[in-house]
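Protein chains in written order, with the numbering used here: chain A, 4 to 438; chain B, 4 to 438.
The C-beta atom is built at its ideal place from N, Cα and C for all residues, glycine as well.
Bear in mind the structure is a predicted one, so any value in this text is a computation, not a measurement.
Worksheet for the structure shown next.
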């Protein structure tokens, strides 16, 4: 086979990783792919900065040197963001080029449009690197578990968030303190909103939901809650009850529709997912035939993400001569078989809840509070009552509920927050047993 | 696309799972594959028994009704064993049929011959179900991690063995006792040799090593040690030192050659692999770009193994029109790029060791023993000395060594076993930190 020529859009962290891997592992990769794969062009913002990398690549600030270049077989978009990445990719597809991208925001928000054009033009758009970095979880769901009706996906899919939760648990540190360190270490961006408010995880969950259930990408329907309100008290009390708090992306197919939600979650410590620490990612996929599978690895970084980009390039190289209708479909299901399903609003979720509240320290308070739960038909699974410190007049009450409809829980929370014996707001975190 | 017709060789546990999945998930599967996939024929030993399953399949005891049948697109071998499976598969390939198999012994022992013929005939032979049941780990290594130089693979790849080790640890039970229960539960065969002596794991490790390193299948070169000699004392003392004992298959590429070994192994409890319990499987793959990835799930059973068989059938269906040279190579590397590497003998392994011995209870014994280690330049990492029970005159000594060449350890063991203060044989189990 003739060599495959790759043009990069962007030469930042992931682009550099991609070039290094294709250079350093060239022999191993061509022994697998059956052909040479080479990066010949890169489009960059700053030529001088890019030159300093010392790669033997033609550099330009003009995107057309890649997307309109007849010598380029595969356009590899590793610049990130919505525009101009979207316009470049659409143009490349219109030119009949195959595309590999690591851009989760782009796929989550504009994927339906991109895949529709790719379908018309008979080209591949591959995006393994967009979810969970180096873990080949897109391929696992799309191909490895193709025999299954996927029931749910639950993942630690943001390394920054997981690093923060791990540090809070292991060292009893406060959220803001750990975030500052993560920024210093380069794990978190200067503006950490995407990571800590769950937006990045919601992008990835959008993609996972689509390939798991055969539904169109619908980012705006994902319920998203970040970790910035989780306190070290929550982490500590959860631990006493036998749980770690993880920031999970959860997609679940229920009889009434699809749940898509990103939020801090108590997970029993005995579960493998509860023990995925630091910047590592892991995705638990539940299929009706296979049961649970877990896919674990590095969720970010130059070389792990580059590993997924290069794997996609090899895949694309292999399908160059395949009849387009015989290729693996972009979103796991044939384009004409993707069907929307109702997406549940948060008040229709069913989960357990961990509640932490300050209550007056007087007889009868526990009875008042449990009466509220009884009235809303919420079963309590565990209670911890912490006596007030010497100088305080309030006690801390922690409750763990069984699985219940979130609408009912919201009603109970309204009642609790209005109850005379409850001081301040009740803090609430969802619980998943991941059984 | 026209429907794909599958003929089964065998209708035991895995065959039944395959038929059930293709029947029950037909809609979901054809939404993905873009065509219908149907089992039309099955070759069985006992027609009446097979009829009782109630499937709408033509049954025969004559293998030619599948392997020589021009209507069959994919021959699916789920009968197990070396012959007649091997003869049938070779005949099917000679007839130009694609093959899916769950037969690990067959691939490990006769795979080179089978893939060579398949290469000549331009057909696919897929075998995801042969390793780790429902976990798509063959696909992960072969395609998802194709960018990497794979450095090592370490897996819990025999569910029966892992069930036994888990019960021994959690309930302090003896090996023979748990094995009897596993047999009663149907986890272990009446003749449990393949499971407990590591032969089944060695078949799977052979396959993993080949696709990881691009070497021919070489089952006879795998060092294989079972779990039948692990005592509940070993399990208990390992736990005191912070380790679980797991039966691992390990393949590692070193500068001097490939290590391929199956043996009981102490793994630090903080590692995810140490917490994979019961009949579950997990494979840790270390790639130079991606770092560590773990692939976890059910390693056996009707539906999980059927899940992998069906995924392979979907893959094969998709490549029917692809140019054979553009397909994913059988063993991950192009046929002409598979190159033998030296395989290290056990005395060249480098691992840590856990040693348990009975020693005379008198002053100077510890000095005598540590002197032997010093002489062989073996560093001790931890020691536990258990005082004798009232009525005994021997103490128990447990030592954990740092990583050392196994030849040096064997010399030290010879010296220890000959030392006057050591009573009986020294028990030895390898240690891997899996860092």
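Give the single residue among A:224, A:280, A:281 and A:275 whose Cα lies nearest to the Cα of residue 437 (chain A).
-> Against the first chain, residue 437 (chain A) aligns to sequence position 434. It is A:275 whose Cα lies nearest to the Cα of residue 437 (chain A).
Please say whether residue 101 (chain B) and residue 82 (chain B) have beta carbons closer to each other than 7 Å?
-> The count along the second chain starts at 1 and reaches residue 82 (chain B) at position 79. The count along the second chain starts at 1 and reaches residue 101 (chain B) at position 98. No, the pair does not count as a contact, with Cβ atoms beyond the cut-off.
Taking buried to mean at least 16 other C-beta atoms within 10 Å of its own C-beta, is residue 64 (chain A) buried or exposed?
-> Here residue 64 (chain A) is taken as the residue at index 61 of the first chain, counted from 1. Looking at its Cβ environment, which holds fewer than 16 other Cβ atoms inside 10 Å, residue 64 (chain A) is exposed.
Assign residue 206 (chain A) to buried or exposed, taking buried as 16 or more other Cβ atoms, counted over all protein chains shown, within 10 Å of its Cβ.
-> Here residue 206 (chain A) refers to the residue found at position 203 when the first chain is read from its first residue. Taking all protein chains shown into account, residue 206 (chain A) has 16 or more neighbouring C-beta atoms within 10 Å of its C-beta and is therefore buried.
Cα-Cα separation, residue 21 (chain A) to residue 192 (chain A) | Taking the first chain and counting its residues from 1, the one referred to as residue 21 (chain A) is at position 18. Taking the first chain and counting its residues from 1, the one referred to as residue 192 (chain A) is at position 189. Computed Cα separation, rounded: 21 Å.
Residue(s) in a DSSP beta bridge with residue 350 (chain B) | Residue numbering aside, residue 350 (chain B) sits at position 347 when the second chain is read from its first letter. Beta-bridge pairing links residue 350 (chain B) to no other residue.
Out of B:72, B:117 and B:71, which has the shortest C-alpha to C-alpha gap to residue 85 (chain B)?
-> Numbered from 1 along the second chain, position 82 holds the residue referred to as residue 85 (chain B). It is B:117.
Can you name the residues of chain B whose CB is closer than 7 Å to the CB of residue 142 (chain A)?
-> Residue 142 (chain A) sits at position 139 when you count from the first residue of the first chain. Those within 7 Å of residue 142 (chain A) in chain B are 142, 146 and 147.
Can residue 137 (chain B) and residue 301 (chain B) be called in contact, C-beta distance under 7 Å?
-> To locate residue 137 (chain B), count along the second chain from 1; it is residue 134. To locate residue 301 (chain B), count along the second chain from 1; it is residue 298. Between residue 137 (chain B) and residue 301 (chain B), the gap from beta carbon to beta carbon is short of 7 Å.
Nearest-angstrom Cα distance between residue 176 (chain B) and residue 183 (chain B)?
-> Start at 1 with the first residue of the second chain, and residue 176 (chain B) comes out as number 173. Start at 1 with the first residue of the second chain, and residue 183 (chain B) comes out as number 180. So the two alpha carbons sit approximately 11 Å from each other.
Pick out the complete alpha helix (DSSP H) segments inside the segment 302-361 of chain B, 4 residues or longer, and give them in chain order.
-> 305-321
Distance between beta carbons of residue 384 (chain A) and residue 403 (chain A), contact taken as under 8 Å | Within the first chain, residue 403 (chain A) is the residue found at index 400, counting from 1. Within the first chain, residue 384 (chain A) is the residue found at index 381, counting from 1. Going by Cβ atoms, the distance from residue 403 (chain A) to residue 384 (chain A) rounds to 5 Å, so yes, they are a contact pair.
Residue 323 (chain B) versus residue 341 (chain A) - alpha carbon distance = By 1-based counting over the second chain, the position of residue 323 (chain B) is 320. By 1-based counting over the first chain, the position of residue 341 (chain A) is 338. When rounded, the distance between both Cα atoms is 23 Å.
Locate the beta strand (DSSP E) running through residue 45 (chain B), then write down its first and last residues.
-> Looking up residue 45 (chain B) in the second chain gives position 42. Residue 45 (chain B) -> beta strand (DSSP E) spans 40-46.
Three-state secondary structure (DSSP) of residue 191 (chain B) | Sequence index remark: in the second chain, residue 191 (chain B) carries index 188 (1-based). Three-state result, residue 191 (chain B): coil.
Can a CB atom of chain A be found closer than 7 Å to the CB of residue 10 (chain B)?
-> Taking the second chain and counting its residues from 1, one reaches residue 10 (chain B) at position 7. By this cut-off, residue 10 (chain B) is not an interface position.
Tell me whether residue 417 (chain A) is buried or exposed, calling it buried when 16 or more other Cβ atoms sit within 10 Å of its Cβ.
-> The residue you call residue 417 (chain A) lines up with position 414 of the first chain. Label assigned to residue 417 (chain A): exposed.
Should residue 153 (chain A) and residue 252 (chain A) be called a contact, given that it needs their Cβ atoms to be closer than 7 Å?
-> Here residue 153 (chain A) corresponds to residue number 150 of the first chain, with the count starting at 1. Here residue 252 (chain A) corresponds to residue number 249 of the first chain, with the count starting at 1. Going by C-beta atoms, residue 153 (chain A) is not nearer than 7 Å to residue 252 (chain A).
Under 8 Å (Cβ pairs) to chain A, residues found in the segment 35-63 of chain B = 35, 36 and 37
Determine the closest residue to residue 432 (chain A) out of A:413, A:218, A:421 and A:426, with distance taken between C-alpha atoms.
-> What you label residue 432 (chain A) is simply residue 429 of the first chain in a count that begins at 1. Out of A:413, A:218, A:421 and A:426, A:413 has the C-alpha closest to the C-alpha of residue 432 (chain A).
Reduced DSSP secondary structure (H/G/I, E/B, other) of residue 145 (chain A) | One-based indexing of the first chain puts residue 145 (chain A) at position 142. It is helical.
Cut-off 8 Å between Cβ atoms - residues of its own chain near residue 119 (chain A), not counting five sequence neighbours on either side | Locating residue 119 (chain A) in the first chain gives position 116, where the first residue counts as 1. The answer, listed in chain order, is 338.
Can the beta-carbon of residue 201 (chain A) be found less than 7 Å from the beta-carbon of residue 265 (chain A)?
-> Translated into positions along the first chain, residue 201 (chain A) becomes position 198. Translated into positions along the first chain, residue 265 (chain A) becomes position 262. Yes, they are a contact pair.
Are the C-beta atoms of residue 343 (chain B) and some chain A residue less than 7 Å apart?
-> Sequence index remark: in the second chain, residue 343 (chain B) carries index 340 (1-based). It does not; no Cβ of chain A falls within 7 Å.
Of all the CB atoms in chain B, is at least one closer than 7 Å to the CB of residue 340 (chain A)?
-> As a working note, residue 340 (chain A) is residue 337 in the first chain. At least one CB of chain B lies nearer than 7 Å to the CB of residue 340 (chain A).
Taking 7 Å as the cut-off, decide whether the C-beta atoms of residue 312 (chain A) and residue 105 (chain A) are in contact.
-> One-based indexing of the first chain puts residue 312 (chain A) at position 309. One-based indexing of the first chain puts residue 105 (chain A) at position 102. Yes, they are a contact pair.
Can a CB atom of chain A be found closer than 7 Å to the CB of residue 315 (chain B)?
-> Here residue 315 (chain B) corresponds to residue number 312 of the second chain, with the count starting at 1. With 7 Å as the cut-off, residue 315 (chain B) does not count as an interface residue toward chain A.
Looking at C-beta atoms only, is the number of pairs between the segment 362-373 of chain B and the segment 55-70 of chain A that lie closer than 8 Å three or more?
-> no
Simplified DSSP assignment, three categories, for residue 199 (chain A) = As a working mapping, residue 199 (chain A) is identified with position 196 in the first chain. DSSP places residue 199 (chain A) in helix when its eight states are reduced to three.
Is any beta-carbon of chain B found at less than 7 Å from that of residue 371 (chain A)?
-> Counting from one through the first chain, the residue named residue 371 (chain A) turns up at place 368. Residue 371 (chain A) does not count as touching chain B.
How would you write the range of the beta strand (DSSP E) that residue 106 (chain A) sits in, first residue to last?
-> On the first chain, residue 106 (chain A) is found 103 positions in, with the first residue counted as 1. Segment: none, residue 106 (chain A) is in no beta strand (DSSP E) and carries neither H nor E.
Below 7 Å between beta carbons: does that hold for residue 343 (chain B) and residue 219 (chain B)?
-> Locating residue 343 (chain B) in the second chain gives position 340, counting from the first residue. Locating residue 219 (chain B) in the second chain gives position 216, counting from the first residue. Yes; because the gap between Cβ atoms is below 7 Å, this pair is in contact.
Beta-carbon of residue 308 (chain B) versus every beta-carbon of chain E: anything under 7 Å?
-> The structure shown has no chain E; the protein chains it does contain are A and B.
Spell out whether any CB of chain A is found under 7 Å from the CB atom of residue 31 (chain B).
-> Within the second chain, the letter at position 28 stands for residue 31 (chain B). Interface residue, yes.
At what residues does the alpha helix (DSSP H) containing residue 165 (chain A) begin and finish?
-> Locating residue 165 (chain A) in the first chain gives position 162, counting from the first residue. Note, residue 165 (chain A): alpha helix (DSSP H), 162-174.
Expressed to the nearest angstrom, what Euclidean distance is found between the alpha-carbon atoms of residue 45 (chain A) and residue 240 (chain B)?
-> Within the first chain, residue 45 (chain A) is the residue found at index 42, counting from 1. Within the second chain, residue 240 (chain B) is the residue found at index 237, counting from 1. Each residue's alpha carbon lies about 57 Å from the other.
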